[in-house]
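These protein sequence lines map, in sequence, to chains A and B. Residue numbers for the first sequence follow full-length UniProt numbering, beginning at 1 and rising by one. Residue numbers for the second sequence follow full-length UniProt numbering, beginning at 1 and rising by one. First comes the structure, then the notes that go with it.
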Amino acid sequence: MSPTVEGTHPKIDSMSLDAFAAGSQLFATGAAELSFHLTLDWARSVLGDGVRVSRAADLPPQTICAAICLVGSSTALSERLPGGNEPVRVIRGLERRLGQKIGAVVALNLDAESALLPVITAALLGVPLVDGDGSGRVFPLIKQSSYTLGGVSATPLVMAGPADDVVVLDTAPDRVEELIRPLVLALGGWTVTACYPMTAEVLARVLVPGTVSRLMEAGVPGAPRSVAAPYGVRTLCRGRIVAVESSTGHGMDLTLPSLPSSIVVEEREGLGRLIRLEAHNEIVFALADGAMVAMAPDQICMISTVDGMVVDVDKVAPGLEVEVMVVRAAPVWHTEEGIALGGPRAFGVPL
Amino acid sequence: MIIGVDLGRHETVTVAVHGDVLTEVQVTAGTLPVVTYPDGMRRAPSMTPRGAAVAVDLDGVRRAPVAVIRVSNPCPPGLGPLVGWPEDSGVGTVVRGGHSLTGRPITELDTDAVARFAAECGLTDFAVTATGSPILPHHELAVAEIIADEVPGARITLSYEFGRAGLRERENSAILNAALGPHAARIADRMARDLPGVSVFFARSGAGLVSAHYFRRYPLICYLGAFTCALRGGAALAGRGETAVQERGAVVRTGLVTGGMPRIGDRRDTLVPLNVRLPLVVSASEGVAVGPYARQAGPGWQVPERAELAVAYGAALARPTVDVERIVQAKGRAELDRALDATRDEALTRAVSAGAAPGSARVTGTIVNPLSYLPDGLFRVEVKAEGAIL
Numbered sequence: 001m002s003p004t005v006e007g008t009h010p011k012i013d014s015m016s017l018d019a020f021a022a023g024s025q026l027f028a029t030g031a032a033e034l035s036f037h038l039t040l041d042w043a044r045s046v047l048g049d050g051v052r053v054s055r056a057a058d059l060p061p062q063t064i065c066a067a068i069c070l071v072g073s074s075t076a077l078s079e080r081l082p083g084g085n086e087p088v089r090v091i092r093g094l095e096r097r098l099g100q101k102i103g104a105v106v107a108l109n110l111d112a113e114s115a116l117l118p119v120i121t122a123a124l125l126g127v128p129l130v131d132g133d134g135s136g137r138v139f140p141l142i143k144q145s146s147y148t149l150g151g152v153s154a155t156p157l158v159m160a161g162p163a164d165d166v167v168v169l170d171t172a173p174d175r176v177e178e179l180i181r182p183l184v185l186a187l188g189g190w191t192v193t194a195c196y197p198m199t200a201e202v203l204a205r206v207l208v209p210g211t212v213s214r215l216m217e218a219g220v221p222g223a224p225r226s227v228a229a230p231y232g233v234r235t236l237c238r239g240r241i242v243a244v245e246s247s248t249g250h251g252m253d254l255t256l257p258s259l260p261s262s263i264v265v266e267e268r269e270g271l272g273r274l275i276r277l278e279a280h281n282e283i284v285f286a287l288a289d290g291a292m293v294a295m296a297p298d299q300i301c302m303i304s305t306v307d308g309m310v311v312d313v314d315k316v317a318p319g320l321e322v323e324v325m326v327v328r329a330a331p332v333w334h335t336e337e338g339i340a341l342g343g344p345r346a347f348g349v350p351l
Numbered sequence: 001m002i003i004g005v006d007l008g009r010h011e012t013v014t015v016a017v018h019g020d021v022l023t024e025v026q027v028t029a030g031t032l033p034v035v036t037y038p039d040g041m042r043r044a045p046s047m048t049p050r051g052a053a054v055a056v057d058l059d060g061v062r063r064a065p066v067a068v069i070r071v072s073n074p075c076p077p078g079l080g081p082l083v084g085w086p087e088d089s090g091v092g093t094v095v096r097g098g099h100s101l102t103g104r105p106i107t108e109l110d111t112d113a114v115a116r117f118a119a120e121c122g123l124t125d126f127a128v129t130a131t132g133s134p135i136l137p138h139h140e141l142a143v144a145e146i147i148a149d150e151v152p153g154a155r156i157t158l159s160y161e162f163g164r165a166g167l168r169e170r171e172n173s174a175i176l177n178a179a180l181g182p183h184a185a186r187i188a189d190r191m192a193r194d195l196p197g198v199s200v201f202f203a204r205s206g207a208g209l210v211s212a213h214y215f216r217r218y219p220l221i222c223y224l225g226a227f228t229c230a231l232r233g234g235a236a237l238a239g240r241g242e243t244a245v246q247e248r249g250a251v252v253r254t255g256l257v258t259g260g261m262p263r264i265g266d267r268r269d270t271l272v273p274l275n276v277r278l279p280l281v282v283s284a285s286e287g288v289a290v291g292p293y294a295r296q297a298g299p300g301w302q303v304p305e306r307a308e309l310a311v312a313y314g315a316a317l318a319r320p321t322v323d324v325e326r327i328v329q330a331k332g333r334a335e336l337d338r339a340l341d342a343t344r345d346e347a348l349t350r351a352v353s354a355g356a357a358p359g360s361a362r363v364t365g366t367i368v369n370p371l372s373y374l375p376d377g378l379f380r381v382e383v384k385a386e387g388a389i390l
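Rendered as structure tokens:
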């Protein structure tokens with residue numbers, strides 16, 4: 001008998017999916033409108049009676065859980081559509097490697113598509129989705145998670161893309177990024193990835209808890225955006241993007257998935273400061289007239305003043321009016337280990 | 001002198017713009033327009049118009065049923081072609097083929113399936129969308145050849161002409177473009193009849209003009225041409241660069257003008273998600289009101305003197321404009337520069353085919369963004385070009 005009392009925990013069904021999806025977009029960086037709507041339509045078409053959302057502590061302690069995320073390019077996902085069986089192939093691949101059934105899935109992070117793929121996976125497999133995630137925000141690298149900070153290995157890790165491949169990576173966790181980046185392009189530009197296999201007992205100790213149900217609340221029309229930021233949020237400036245510069249990387253051998261770029265925002269009010277945002281997939285830090293005002297592991301994002309949507313780093317253009325906001329990361333990220341894994345240094349910036 | 005024409009939902013408004021002078025003109029079908037001059041005299045203009053810019057909205061017009069061919073791997077039914085369209089929008093099929101982001105063929109194109117569908121669908125307006133066509137359009141071009149062989153007189157829209165990544169939105173754009181084709185052709189025919197000897201252009205959504213020939217092939221580019229011109233013309237009549245403009249005609253809607261030009265973006269309130277940028281619709285409490293019912297706009301709204309001429313005036317202010325978006329793969333600066341040059345050349349060629357005088361076409365903007373979460377060397381490139389009417 002399930003220890004969860006019916007009704008005490010939410011269910012993601014056709015009624016609540018939209019709120020959850022909207023909540024997952026409130027601070028989603030690196031997410032793209034097109035692939036998000038694609039993933040949402042995909043989720044709608046497989047949701048059936050809905051997906052049960054369960055606290056990790058409410059699952060039988062030995063239940064094997066797997067973290068699910070999108071690895072690769074959202075542009076690729078919107079261009080090369082899923083065949084539909086990627087989540088099942090990836091879970092079956094992990095089960096074969098482990099010799100054990102996967103009894104629940106959990107998100108690696110709750111950023112737009114990466115929030116919806118675990119829902120799709122749970123629906124296709126008929127297993128619960130755990131209420132929480134491995135980030136509390138989003139980081140570009142798989143190893144950048146509270147699961148890693150809690151001592152759980154990202155491997156074995158399984159990837160499946162829109163071509164009919166399944167790739168199992170049996171390697172040390174710090175080898176993962178180097179191996180997956182070239183693989184992603186060969187697999188079709190994007191993959192559903194299952195990683196961090198662990199028991200529910202361990203998961204309950206290492207996850208950022210309650211974030212799924214929180215996004216379901218934050219996404220209800222009329223709810224303040226700050227509901228999606230459990231550890232606090234502040235506005236850095238409101239202004240207009242006046243320059244976007246991208247670099248060819250200067251030949252640096254970084255393990256990060258794409259090239260650095262800079263975004264300059266001219267503050268519209270107050271001091272009229274120039275805010276410089278240094279991005280490397282994500283915005284790593286922000287300078288106001290040359291002074292550091294925000295940095296990873298806190299999350300820096302640009303919200304369009306026209307439609308309230310997060311502006312993608314690879315879609316920015318001069319002339320856009322934005323509000324630059326800083327979302328405080330979960331406490332685990334502000335520990336010494338957390339800063340080492342998710343701070344500026346992790347993005348190749350030795351600050 | 002440039003003629004501006006507002007093909008409104010009820011009546012047509014025509015103006016002549018010569019330098020800074022705006023006058024309303026009468027057009028009798030098949031003759032040169034007659035201008036009512038400020039002295040009250042009506043006579044044929046002292047010079048031949050350099051061109052006529054026509055503004056029309058296509059969001060409410062009759063759409064033809066479309067035969068939709070998607071070239072890709074099979075996908076879940078919820079993501080298939082024509083999902084979200086009304087029942088009678090057409091018929092669709094998915095055939096094997098397409099290219100990866102690196103330009104490699106995913107599988108061979110299933111030419112037999114294309115030929116079978118084209119021959120049996122019973123329609124003549126086609127929309128063709130292949131996975132990866134913003135990188136390499138070969139399979140779309142191959143499908144077009146097969147259709148042309150199977151269906152004499154077929155009108156074919158290829159999605160790479162709306163070259164942004166995002167298969168479903170690009171496909172929807174191609175479908176809508178194909179569906180608007182027959183109606184656009186009727187409008188272009190009518191303007192050619194009404195204004196003989198005058199080069200006719202059509203106002204694009206967002207900014208700029210394209211030639212009538214271009215409009216016949218890519219009417220979707222002009223989907224909200226009249227709303228665009230209402231925004232630009234209204235702001236210009238009021239002498240404001242930054243303002244909200246409310247159009248009060250057959251419909252009431254408000255948009256934003258910044259730097260004299262309409263604010264555009266991806267809109268989610270269209271029939272289906274599209275990949276063309278349209279003027280954003282906003283709610284505002286003050287600004288400039290235009291259109292035949294401008295005076296009903298209420299307090300906070302400035303009504304220009306000639307509010308009913310705003311759309312036609314906005315059209316006459318525009319110039320031939322095109323944009324091209326591609327995904328390019330380039331290792332290192334030199335390769336990227338070559339790819340940029342190629343994209344700029346394409347934009348200039350298109351600007352000329354959209355009606356810009358050949359010597360006047362120039363690139364007005366280039367945006368290069370690396371694609372996140374992929375290995376180095378994949379970029380989204382967007383180039384804008386514009387020119388002057390002859």
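Glycine residues also receive a C-beta, built at the ideal position from the N, C-alpha and C atoms. This one's a predicted model, so the numbers in the text were calculated from it and none came from an experiment.
For residue i, three-class secondary structure by DSSP
{"i": "leucine 351 of chain A", "result": "coil"}
{"i": "residue 355 of chain A", "result": "Residue 355 of chain A is absent from the structure shown; chain A starts at 1 and stops at 351."}
{"i": "glycine 78 of chain B", "result": "helix"}
{"i": "isoleucine 102 of chain A", "result": "coil"}
{"i": "histidine 139 of chain B", "result": "helix"}
{"i": "glycine 265 of chain B", "result": "strand"}
{"i": "aspartate 6 of chain B", "result": "strand"}
{"i": "histidine 9 of chain A", "result": "coil"}
{"i": "serine 211 of chain B", "result": "strand"}
{"i": "arginine 276 of chain A", "result": "strand"}
{"i": "glycine 241 of chain B", "result": "coil"}
{"i": "residue 391 of chain B", "result": "Shown here, chain B extends from 1 to 390; a query on residue 391 of chain B therefore has no answer."}
{"i": "glutamate 169 of chain B", "result": "helix"}
{"i": "proline 273 of chain B", "result": "coil"}
{"i": "aspartate 174 of chain A", "result": "helix"}
Proximity test, Cβ basis, 8 Å: residue i and chain A
{"i": "serine 100 of chain B", "result": "yes"}
{"i": "glycine 265 of chain B", "result": "yes"}
{"i": "isoleucine 367 of chain B", "result": "yes"}
{"i": "leucine 374 of chain B", "result": "yes"}
{"i": "proline 273 of chain B", "result": "yes"}
{"i": "proline 86 of chain B", "result": "no"}
{"i": "threonine 131 of chain B", "result": "yes"}
{"i": "proline 105 of chain B", "result": "no"}
{"i": "proline 137 of chain B", "result": "no"}
{"i": "leucine 280 of chain B", "result": "yes"}
{"i": "proline 304 of chain B", "result": "no"}
Beta-ladder partner(s) of residue i, from DSSP
{"i": "methionine 325 of chain A", "result": "A:Thr235, A:Cys301"}
{"i": "glutamate 386 of chain B", "result": "B:Thr321, B:Arg362"}
{"i": "tryptophan 301 of chain B", "result": "B:Gly287"}
{"i": "glycine 51 of chain B", "result": "B:Ile2"}
{"i": "glutamate 247 of chain B", "result": "B:Arg253, B:Val290"}
{"i": "serine 261 of chain A", "result": "A:Ser246, A:Ala279"}
{"i": "arginine 240 of chain A", "result": "A:Glu266, A:Glu321"}
Any chain B beta carbon closer than 8 Å to residue i
{"i": "arginine 92 of chain A", "result": "no"}
{"i": "residue 368 of chain A", "result": "Outside the displayed range of chain A (1 to 351) lies residue 368 of chain A, so it cannot be described from this structure."}
{"i": "proline 162 of chain A", "result": "yes"}
{"i": "arginine 238 of chain A", "result": "no"}
{"i": "alanine 76 of chain A", "result": "yes"}
{"i": "glycine 334 of chain A", "result": "Note on identity: in this sequence residue 334 of chain A is histidine, with glycine being the wrong assignment. Chain B contact via Cβ: absent."}
{"i": "glycine 342 of chain A", "result": "no"}
Cβ-based contacts, 7 Å cut-off: residues of the stretch 150 to 179 of chain B near chain A: Within the stretch 150 to 179 of chain B, Ala165, Gly166, Leu167, Arg168, Glu169 place their CB atoms closer than 7 Å to a CB of chain A, listed in sequence order.
Sequence ranges, beta strand (DSSP E) only - wholly within the UniProt domain "S-Me-THD N-terminal" (17 to 170) of chain A, length at least 3: You should have 51 to 54, 64 to 72, 104 to 107, 129 to 133, 157 to 160, 166 to 169.
Select from the stretch 65 to 80 of chain B all residues with a C-beta closer than 8 Å to any C-beta belonging to chain A, and list them in chain order. Those would be Ser72, Asn73, Pro74, Cys75, Pro76, Pro77, Gly78, Leu79, in chain order.
In chain order, what are the residue ranges of uninterrupted beta strand (DSSP E) at least 3 long that sit wholly in the stretch 316 to 365 of chain B? For the stretch 316 to 365 of chain B, whole beta strand (DSSP E) runs of length 3 or above, ordered along the chain, are 321 to 329.
At a Cβ cut of 7 Å, what residues of the stretch 39 to 54 of chain A count as close to chain B, listed as they run along the chain? Sequence-ordered contacts of the stretch 39 to 54 of chain A with chain B read Asp41, Trp42, Arg44, Ser45 [C-beta pairs closer than 7 Å].
Closer than 9 Å between beta carbons: that is the criterion. Which residues of the stretch 205 to 231 of chain B meet it against chain A? Closer than 9 Å at the C-beta level to chain A, one finds no residue of the stretch 205 to 231 of chain B.
If we require 3 or more residues per run, which beta strand (DSSP E) segments fall completely within the stretch 77 to 165 of chain B? 90 to 95, 125 to 130, 155 to 158, all fully within the stretch 77 to 165 of chain B.
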